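Peer 1:
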Amino acid sequence: MTTRAFRVWGTMAMVLALTASVSAADLCATDALERDVCLSEPARRVVSLSPGATELLFSAGAGNSVVAVSAWSDFPPQAAALPQVGDANRLDLEAIVSLAPDLVVAWTDGNSRAQLDRLADLGVPVFWLAPRTFGDIARSVESLGRLTGYTTIADREAQAFRSGIEALEARYRDVPGLRVFYQVWDQPLMTINAEELISKAIALCGGTNVFADLPRLVPRISVETVLAADPEVIVTAGRGDPGHDWLASWKAYPALAAVASGNLYRVSPSLLQRPTFRMLEGARELCAILERARARL
Amino acid sequence: MPVSDIFRPLAMLALAGLAAMLVSVSVGSADLGVGETLSVLAGGGSELHRTLILDLRLPRSFSAFATGGLLAVAGALMQVLLRNPLADPYVLGLSGGAAVGALLAMLTGAAGFLISGSAFAGAVLATLLVFGLAHGSGSWTPSRLLLTGVVVAAGWGALITLILAMSPASRLPGMLYWLMGDLSHAGHPWPGLAVLVLVCLLVFPLGRSLNVLARGSLQAAALGVSVRSLEWLIYLVASLLTATAVTLAGAVGFVGLVVPHMLRLALGNDQRLILPASALAGGTLLVLADTLARVVIAPEQLPVGVITALIGVPTFLFLLYRSR
Amino acid sequence: MTTLTTDNLIIDIPGRAPGSPLNLEVRPGQVWGVLGPNGVGKTTLLHTLAGLRAAHGGRVLLDNHALASLKRKAVSQQLGLVFQDRQDGFPATVLETALIGRHPWLSAWQMETGDDVATAERALHALDVGHLRDRLVSTLSGGERQRVAIATLMTQAPDIWLLDEPSNHLDLHHQVAVMRLLAGQAASGRSVFMCLHDLNLAARWCDHLLLLYPSGEACWGPAQQMLVPSALERLYNQTLVTVEADGAPVFVPVRS
Numbered sequence: 001m002t003t004r005a006f007r008v009w010g011t012m013a014m015v016l017a018l019t020a021s022v023s024a025a026d027l028c029a030t031d032a033l034e035r036d037v038c039l040s041e042p043a044r045r046v047v048s049l050s051p052g053a054t055e056l057l058f059s060a061g062a063g064n065s066v067v068a069v070s071a072w073s074d075f076p077p078q079a080a081a082l083p084q085v086g087d088a089n090r091l092d093l094e095a096i097v098s099l100a101p102d103l104v105v106a107w108t109d110g111n112s113r114a115q116l117d118r119l120a121d122l123g124v125p126v127f128w129l130a131p132r133t134f135g136d137i138a139r140s141v142e143s144l145g146r147l148t149g150y151t152t153i154a155d156r157e158a159q160a161f162r163s164g165i166e167a168l169e170a171r172y173r174d175v176p177g178l179r180v181f182y183q184v185w186d187q188p189l190m191t192i193n194a195e196e197l198i199s200k201a202i203a204l205c206g207g208t209n210v211f212a213d214l215p216r217l218v219p220r221i222s223v224e225t226v227l228a229a230d231p232e233v234i235v236t237a238g239r240g241d242p243g244h245d246w247l248a249s250w251k252a253y254p255a256l257a258a259v260a261s262g263n264l265y266r267v268s269p270s271l272l273q274r275p276t277f278r279m280l281e282g283a284r285e286l287c288a289i290l291e292r293a294r295a296r297l
Numbered sequence: 001m002p003v004s005d006i007f008r009p010l011a012m013l014a015l016a017g018l019a020a021m022l023v024s025v026s027v028g029s030a031d032l033g034v035g036e037t038l039s040v041l042a043g044g045g046s047e048l049h050r051t052l053i054l055d056l057r058l059p060r061s062f063s064a065f066a067t068g069g070l071l072a073v074a075g076a077l078m079q080v081l082l083r084n085p086l087a088d089p090y091v092l093g094l095s096g097g098a099a100v101g102a103l104l105a106m107l108t109g110a111a112g113f114l115i116s117g118s119a120f121a122g123a124v125l126a127t128l129l130v131f132g133l134a135h136g137s138g139s140w141t142p143s144r145l146l147l148t149g150v151v152v153a154a155g156w157g158a159l160i161t162l163i164l165a166m167s168p169a170s171r172l173p174g175m176l177y178w179l180m181g182d183l184s185h186a187g188h189p190w191p192g193l194a195v196l197v198l199v200c201l202l203v204f205p206l207g208r209s210l211n212v213l214a215r216g217s218l219q220a221a222a223l224g225v226s227v228r229s230l231e232w233l234i235y236l237v238a239s240l241l242t243a244t245a246v247t248l249a250g251a252v253g254f255v256g257l258v259v260p261h262m263l264r265l266a267l268g269n270d271q272r273l274i275l276p277a278s279a280l281a282g283g284t285l286l287v288l289a290d291t292l293a294r295v296v297i298a299p300e301q302l303p304v305g306v307i308t309a310l311i312g313v314p315t316f317l318f319l320l321y322r323s324r
Numbered sequence: 001m002t003t004l005t006t007d008n009l010i011i012d013i014p015g016r017a018p019g020s021p022l023n024l025e026v027r028p029g030q031v032w033g034v035l036g037p038n039g040v041g042k043t044t045l046l047h048t049l050a051g052l053r054a055a056h057g058g059r060v061l062l063d064n065h066a067l068a069s070l071k072r073k074a075v076s077q078q079l080g081l082v083f084q085d086r087q088d089g090f091p092a093t094v095l096e097t098a099l100i101g102r103h104p105w106l107s108a109w110q111m112e113t114g115d116d117v118a119t120a121e122r123a124l125h126a127l128d129v130g131h132l133r134d135r136l137v138s139t140l141s142g143g144e145r146q147r148v149a150i151a152t153l154m155t156q157a158p159d160i161w162l163l164d165e166p167s168n169h170l171d172l173h174h175q176v177a178v179m180r181l182l183a184g185q186a187a188s189g190r191s192v193f194m195c196l197h198d199l200n201l202a203a204r205w206c207d208h209l210l211l212l213y214p215s216g217e218a219c220w221g222p223a224q225q226m227l228v229p230s231a232l233e234r235l236y237n238q239t240l241v242t243v244e245a246d247g248a249p250v251f252v253p254v255r256s
């Protein structure tokens, strides 16, 4: 009786140890702070602390595991219905802790490191994201898939995104260059440098961001700088506000190449603003616009 | 004071202002040089250069001049009103009211005219609020006005923080630039310049009364000044000037404080000289500050308020340190 | 020249019962002194006479015109005041300070002329501060400032001179010089009405006196009738010894 009991318990313990070690190997991922985040089992209660992270979680197939999101998490639509834990840079730590999450996904460009280190001290695993390239986006989704146990979906989606980007790259590799000014905002007038993903999308489509070399990620510039750079295309997303004509003021400068050729365009505001899989669709739209612009020169 | 003592410094300041304007229209992220600038001003130059100078830089320079002049005259008037050489146009909370108006407009996604109109409305509201509260049931003294204004200004500050905290990240840059004072979207400079010139003409005959008022309200009344109505008038005029300036360029700081103060050190305290001199020197200073803001890290742009604060804070501290 | 009269005037001192009504008549050529202990309302009376404070009751009249009905500018051409406290938040030179006395006489668009400057300089010299004309007032001593203030009143040149403690901060020599100047102004047809804390200066230089008692009572009249030791002792609640010197009574407080 006792021997048998021993055997049973022993086998169970062995099996448990084995599963633990197997899943531990599967449930580790390196985050943007170069730290290995490991979970003992796939996260089932995930809190997303930025709209971008929310989108990437849903892309990884883990949408059903997300229990709360930060403000402005509006995509996919079902994310908007989830409970909120505050604005990205003003999080409600109490609300997060009381949700007892087994994974918190943070964003380096918005969340406060000091605040989330307190969360980590309380034993909540925090996974940081900072996608700066198309490759980073795909890798982020793969990591999130691994941590949430949706490896198959995540890997498949990431691969689709990669091949979509590669297809664009191949198609526009040899087209004639085009000087592009991307207007982030009109008052104050702001653009992006080469580090920004939108600028990388412009390069992907065979365009040249005229302000690629500026030192800041989102520099503020003057109208005369734009006139001197003389872009052949002006593109803006306009970020909502359908009543506002974001490009009208440029028409006052008919000598500007973009104005002379009628190359003032607005891209869908929601597609390019976050480093997520929707960038692929945004990049396709942008490439089509630049192709049209090229034809008008 | 002999008339020539008034006109000589004013002529010199006017020349300095012209020189500053010339510099400001000839430099920028696209550098043209004075020669090219003069040829454009004379009617020549390439299409691009004409656009740069005539459509972009010149109106902006005029806006800078108008804003600086308006703020400096408003500051000089506030200092006499409060009998305090360290008062500035914003001390009574007017910029706070304007900022709340402008930020609320930006929060709702408005642009252009709606923002400036809303800022102006906020400034008028702030003026009337302090006016009414300081009047109250008791007597009206500069210290009571100052205290009311400072407390109301603190209230506006809290509202501004609240609006900033509630705003989506994409709207924050525009709001912060507005709060720091920025001339890139000043719009037409002509209303501001017109107000500046009109007020200088209106205030000139009041100059000697203001000199007397600066000695205290009792002394002024004993010398035949109807103190109450003069104080109301300068409060309203200073508010109008500040509201116009804030509408043009947001809350540009320190010009209204430092310019009249420095002019008093150099030229004495005759308001008939100080007020027009403030208009010219304030305008000149802001034209130069805005030129710096445009070229310091060109082609990137700084808000002009950063430059005036960087110049103004040490100047002010120095003056304070020297003034026992 | 203007006569200042009060018609049942009761001054308004917050937190105190109204005193007895005053019916004064300050005629050209007279030098009036107001005597009374601290806090009795001497300054308030001067401000009320100048129209800078509302009275509790009664009226102030300038040549039979109610002061309240006159324009400030017209009042300031007939009546001027030297304050006990002065504000100088802004720097100003001695000459600029004296020149503001011309304010009532100039229209809005007029600048001060050479004549105005000459008037101010004469006044500064009369008060022995002419040599300080370009100094900043804030750098002067208390006595010098007091003389600049009187020079400003002299530049204003009204018919009626109200002065609040004009001998404050002045050394003995300048006290006498100022009193002599005020007496000279009265002799030329102006009237002088001043608060004094120095009983003996009043006894020496004033021809009329107004005694204000802490109880709110007041009595006034020609100096020799008012300088009754018992009345003065009651005024200051202080025993006095009277001696005669240089043709005038001198009041000395008893030591114990």
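Top line first, the protein sequences correspond to chains A, B and C. The first sequence begins at 1 in the working numbering and counts up one residue at a time. The second sequence begins at 1 in the working numbering and counts up one residue at a time. The third sequence begins at 1 in the working numbering and counts up one residue at a time. By construction, the Cβ of each residue, glycine as well, lies at the ideal position given by its N, Cα and C atoms. The structure presented is a predicted model; accordingly, all values stated were derived computationally and were not measured.
#1: Need the endpoints of the beta strand (DSSP E) that A/A68 sits in, please.
#2: Report the rounded CA-to-CA distance for C/V254 versus C/T242, giving the unit in angstroms.
#3: Could you confirm whether any beta carbon from chain C is found closer than 8 Å to the beta carbon of B/R294?
#4: Any beta-carbon of chain B closer than 8 Å to the one on C/R72?
#5: Under 8 Å Cβ to Cβ from B/L32, same chain only, skipping five residues before and after it: list those, please.
#6: Within 10 Å of its beta-carbon, does B/A158 have 16 or more other beta-carbons around it, so buried, or fewer, so exposed?
#7: State the beta-bridge partners of A/G127 as determined by DSSP.
#8: Pick from B/D270, B/Y90, B/V199, B/A11: whose alpha carbon is nearest that of B/G250?
#9: Applying a beta-carbon distance threshold of less than 7 Å, which residues of chain A neighbour B/L22?
#10: Note down, in chain order, all residues in the region 32-51 of chain B with a beta-carbon under 7 Å from any beta-carbon belonging to chain A.
#11: Taking the alpha helix (DSSP H) that B/F316 falls in, what are its first and last residues?
#12: Have a look at A/S21 and A/Y150 and give me their C-alpha separation to the nearest angstrom.
#13: Could you please give the first and the last residue of the uninterrupted beta strand (DSSP E) stretch that includes A/Q183?
#14: Are any of the Cβ atoms in chain B nearer than 8 Å to that of A/A255?
#15: Is DSSP giving A/V22 helix, strand or coil here?
#16: Give, in chain order, every residue of the region 272-291 of chain A whose Cβ lies closer than 9 Å to some Cβ of chain D.
#17: Assuming B/A76 and B/S278 make a contact with CB atoms under 8 Å, what is their CB distance in whole Å?
#18: Should C/D115 be labelled buried (16 or more other beta-carbon atoms within 10 Å of its own) or exposed?
#19: Could you tell me the alpha carbon to alpha carbon distance between B/L265 and C/L136, rounded to whole angstroms?
#20: For A/I221, decide whether its Cβ has a neighbour in chain B, counting only Cβ atoms nearer than 8 Å.
#21: For C/D85, which of helix, strand or coil comes out of DSSP?
#22: What three-state label does DSSP hand A/R139 in the structure shown?
#23: Under three-state DSSP, which class holds B/L288?
#24: Determine whether the Cβ of B/A74 lies closer than 8 Å to any Cβ atom of chain C.
#25: For chain A, check one thing: does any of its Cβ atoms lie closer than 8 Å to the Cβ of B/H185?
#26: Using the beta-carbon count (16 or more within 10 Å), is B/R208 buried or exposed?
#27: I'd like to know whether the C-beta of B/S61 is nearer than 8 Å to at least one C-beta of chain A.
#28: Kindly indicate if chain C contains any beta-carbon less than 8 Å away from that of B/S29.
#29: For C/G189, does the count of other Cβ atoms within 10 angstroms reach 16, so buried, or fall short, so exposed?
#30: Give a yes or no on whether the C-beta atoms belonging to A/A79 and A/F58 are separated by under 8 Å.
#31: Please classify C/N38 as buried or exposed, where buried requires at least 16 other C-beta atoms within 10 Å of its C-beta.
#32: If you draw a straight line from the alpha carbon of A/S270 to that of B/G68, how long is it in whole angstroms?
#33: Can you tell me whether C/T2 is buried or exposed, with buried defined as 16 or more other CB within 10 angstroms of its CB?
#34: Put A/L280 into one of helix, strand or coil per three-state DSSP.
#35: Pick helix, strand or coil for B/M166, following the three-state DSSP scheme.
#36: Residues in the same chain with beta-carbon distance under 7 Å from A/V184, minus the five sequence neighbours each way, listed in chain order, please.
Peer 2: Answer, in terms of the structure:
#1: DSSP places A/A68 in the uninterrupted beta strand (DSSP E) bounded by 66-68.
#2: Taking the straight line from one Cα to the other gives about 10 Å.
#3: Not an interface residue.
#4: By the rule that beta-carbons nearer than 8 Å mark a contact, C/R72 touches chain B.
#5: Excluding residues within five positions, the ones whose Cβ falls inside 8 Å are S26, V40, H49, L52, I53.
#6: Answer is exposed; the Cβ neighbour count stays below 16.
#7: According to the sequence provided, residue 127 of chain A is Phe. The question's Gly does not apply to it. Answer is A/V105.
#8: The residue with the shortest Cα to Cα distance from B/G250 is B/Y90.
#9: Here the premise fails: no neighbours, minimum Cβ distance about 17 Å.
#10: Listed in sequence order: E47, L48, T51.
#11: Per DSSP, the unbroken alpha helix (DSSP H) holding B/F316 starts and ends at 304-322.
#12: With a pLDDT of 42 at A/S21, under the threshold of 50, the modelled position of that residue is not reliable, and the figure given next carries that caveat. Near 19 Å, if we compare the C-alpha coordinates of A/Y150 and A/S21.
#13: Note, A/Q183: beta strand (DSSP E), 179-183.
#14: At a cut-off of 8 Å, the C-beta of A/A255 has a neighbouring C-beta in chain B.
#15: Residue placement at A/V22 cannot be trusted, given a pLDDT of 43 that sits under 50; what the coordinates show is reported in the next sentence. A/V22 falls in the helix class under three-state DSSP.
#16: Of the chains in the structure shown, none is chain D; the protein chains are A, B and C.
#17: Going by Cβ atoms, the distance from B/A76 to B/S278 rounds to 5 Å, so yes, they are a contact pair.
#18: By the neighbour-count rule (16 or more Cβ atoms within 10 Å), C/D115 is not buried but exposed.
#19: In this structure, the straight-line span from the alpha carbon of B/L265 to that of C/L136 is close to 12 Å.
#20: For A/I221, the nearest beta carbon of chain B is closer than 8 Å to its own beta carbon.
#21: Of the three classes helix, strand and coil, the one that applies to C/D85 here is coil, per DSSP.
#22: Three-state result, A/R139: helix.
#23: Helix.
#24: Chain C contact via Cβ: absent.
#25: So, interface residue.
#26: With 16 or more Cβ atoms within 10 Å of its Cβ, B/R208 is classed as buried.
#27: No - not a single Cβ of chain A is within 8 Å of the one on B/S61.
#28: So no, B/S29 is outside the interface.
#29: Exposed: under 16 other Cβ atoms inside 10 Å.
#30: With a cutoff of 8 Å on beta-carbon distance, A/A79 and A/F58 are scored as near each other.
#31: Answer is exposed; the Cβ neighbour count stays below 16.
#32: Each residue's alpha carbon lies about 41 Å from the other.
#33: Flag for C/T2 reads buried.
#34: DSSP, read as helix, strand or coil, puts A/L280 in helix.
#35: The DSSP-derived three-state label of B/M166 is helix.
#36: The answer, listed in chain order, is M190, T191, I192, V218.
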